[in-house]
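Start counting the sequence shown at -10; every next residue gets the next number (the numbering used here).
C-beta: ideal position from N, C-alpha, C; glycine also.
Small disclaimer: the values here were computed from a predicted structure and weren't measured.
Worksheet: one structure, shown below.
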Amino acid sequence: MASGDRGSAGAEAADAEAAGAEAASHWVRWHRSYEDPGSPLALRLRIVQSMVRAFLDSVPADHPRPIRVVSFCAGQGRDVIDVVSEHPRGGEVVALLVELDPELAAFARRRAADAGVHEQVRVVEGDASLCRHYEPAVPADLVLVCGVFGNIGRDDITRTIQALPGMCRQGAEVIWTRHRRPPDITPSIRAEFLDAGFEEVAFEDPGGYVLSVGRHRFTGAPSEPSDSSDSSEPSHSSEPSDSSGSSSRVAPFDPNAKLFEFVGDGSRPA
Ligand SMILES: C[S@@+](CC[C@H](N)C(=O)[O-])C[C@H]1O[C@@H](n2cnc3c(N)ncnc32)[C@H](O)[C@@H]1O
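Below you can see the structure in the form of structure tokens.
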């Protein structure tokens, strides 16, 4: 029977819903696992949220306002929005979420509005690899890089970690995720954070899962802003390293930098 023969609003609505479901982007479908509290993704979210909460708990009472939060490839933004809306220090937070998928960006805006934090949480629909998006929000106090390191190439992970000090206030934290499928590169990611001037606050890899979540605090000296007036083209930012591979100094924030190509689909290692 053709759908037009059904003649009922219910059937048309069902057709429209089915068409909408098919039209949903890969990343919109990927986020549906968050609706299942027993999914690994929901577990990962709870760990990330507990780290965001712990970070806010640790912010000194005399910290200058606002507490700046930045999220790369933010998706639905549940990690930031849900905690900011319920935490006692949430009212001091100003957050910038950068997400490419229009439907997910709209979801995040709606979630922020429903939670009453839409004036504090700005959602930019754009390419999170481009540092220009972060210019108004850095130096940040908390940077989330969740669902990114499993979807970009190895060199791009390094480039991103090396760019993070330029985005961080001293004492700022970075919360990041990466799966541990073989070859598990989380040990080298953790080492790269140390080389870049961070100390490890926590690393959680719950038994029986491939997910892991890291929390690192920037203890190096913040950099001076770069003079970016001479170029509008994205450049790949990389700092000279010494022979051991350690960064010898903090790379200044470069608003013209492009940090990565997002090549993964969230299921297979990039
Ligand atoms: C694995 S999901 C992670 C989402 C969220 N951070 C989380 O942990 O739930 C990756 C997200 O990156 C988004 N994305 C992919 N390429 C992007 C890009 N170049 N800039 C911004 N977002 C991007 C996808 O739409 C998707 O929402």
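Identify, in the order they occur along the chain, each residue of the same chain with its Cβ nearer than 6 Å to the Cβ of residue i, setting aside the five sequence neighbours on each side.
i: Ala126; result: Arg57, Val59, Leu85
i: Ile36; result: Glu193, Val202
i: His205; result: Val163, Phe182, Phe187, Glu189
i: Leu131; result: Phe44, Val58, Glu162
i: Glu124; result: Pro244
i: Ser217; result: Because the pLDDT at Ser217 is just 43, under 50, the model does not fix this residue reliably, and the point stays unresolved.
Using DSSP bridges, identify the partner residues of residue i.
i: Leu93; result: Its beta-bridge partners do not exist; DSSP assigns none.
i: Gly203; result: Trp165, Phe192
i: Phe187; result: Phe207
i: Ala13; result: Paired residue(s): none; Ala13 is not in a bridge.
i: Ala180; result: Looking at the DSSP assignment, Ala180 forms no beta bridge with any residue, so it has no partner.
Among residues of its own chain, excluding the 5 on either side of residue i, which ones have a beta-carbon nearer than 7 Å to its beta-carbon?
i: Ser74; result: Ala104, Gly105, Val106
i: Cys135; result: Val37, Asp68, Ile164, Trp165, Thr166
i: His20; result: Gly64, Gln65, Leu93
i: Ala185; result: Ile150, Gln151, Leu153, Pro154, Ser236
i: Val82; result: Pro55, Ile56, Val58, Val73, Gln109
i: Leu30; result: Ser22, Tyr23
i: His76; result: Arg42, Leu45
i: Thr147; result: Glu181
i: Arg179; result: Glu189, Phe192, Gly203
i: Met40; result: Ile164, Ala191, Val202, Arg204
Indicate, with yes or no, if ligand 1 has a heavy atom lying under 7 Å from the CB of residue i.
i: Thr131; result: First, the amino acid is wrong: residue 131 is Leu here, not Thr. No, Cβ of Leu131 sits at least 7 Å from all heavy atoms of ligand 1.
i: Gly255; result: yes
i: Trp93; result: The sequence as given places Leu at residue 93; Trp does not occur at that position. Yes.
i: Cys120; result: no
i: Asp68; result: yes
i: Val41; result: no
i: Ala318; result: Since the first and last residues shown for the chain are -10 and 259, residue 318 lies out of range.
i: Gly142; result: no
i: Gly136; result: yes
i: Trp19; result: yes
i: Cys157; result: no
i: Leu153; result: no
i: Phe182; result: no
i: Trp165; result: no
i: Glu124; result: no
i: Asp63; result: Strictly speaking, residue 63 in this sequence is Ala, with Asp absent from that position. Yes.
i: Leu85; result: no
i: Leu32; result: no
i: Phe207; result: no
i: Glu267; result: Outside the shown range of the chain (-10 to 259) lies residue 267, about which nothing can therefore be said.
What does the Cβ neighbour count give for residue i, buried or exposed, with the cut at 16 atoms within 10 Å?
i: Ala240; result: buried
i: Ser28; result: exposed
i: Val46; result: First, the residue type needs correcting, since residue 46 is Asp and not Val in the sequence shown. It is exposed - the Cβ of Asp46 has fewer than 16 other Cβ atoms within 10 Å.
i: Gly66; result: buried
i: Glu24; result: exposed
i: Pro172; result: exposed
i: Gly196; result: exposed
i: Gly79; result: buried
i: Pro128; result: buried
i: Ala97; result: buried
i: Ala50; result: exposed
i: His168; result: buried
i: Glu250; result: exposed
i: Ser268; result: Residue 268 is absent from the model: the chain starts at -10 and stops at 259.
i: Arg100; result: buried
i: Ala117; result: buried
i: Asp90; result: buried
Suppose the cutoff is 8 Å on Cβ atoms and the five residues either side in sequence are ignored; what does the same chain contact list for residue i look like?
i: Val252; result: Asn140, Ile141, Gly142, Ala259
i: Asp219; result: Because Asp219 sits at a pLDDT of 43, beneath the cut-off of 50, its placement in the model cannot be relied upon, and the following sentence gives the value as read from the coordinates. Cβ within range, chain order: n/a, list empty.
i: His52; result: Glu81, Asp130
i: Leu32; result: Pro195, Tyr198, Leu200
i: Thr208; result: Gln159, Gly160, Gly186, Phe187, Glu188
Does residue i get closer than 8 Å to chain C when you measure Cβ to Cβ?
i: Asp90; result: No chain C appears in this structure, which consists of one protein chain only.
Can you tell me whether residue i sits near ligand 2, meaning its C-beta is under 7 Å from at least one heavy atom of the ligand?
i: Leu248; result: Ligands in the displayed structure: ligand 1; ligand 2 is not one of them.
**Message:** Please give me, in chain order, every unbroken run of the alpha helix (DSSP H) with length at least 4 that falls completely inside the segment 93 to 162.
**Reply:** 143 to 152
**Message:** List, from N- to C-terminal side, the beta strand (DSSP E) runs of 3 residues or more that fit wholly inside the segment 24 to 89.
**Reply:** 56 to 60, 82 to 88
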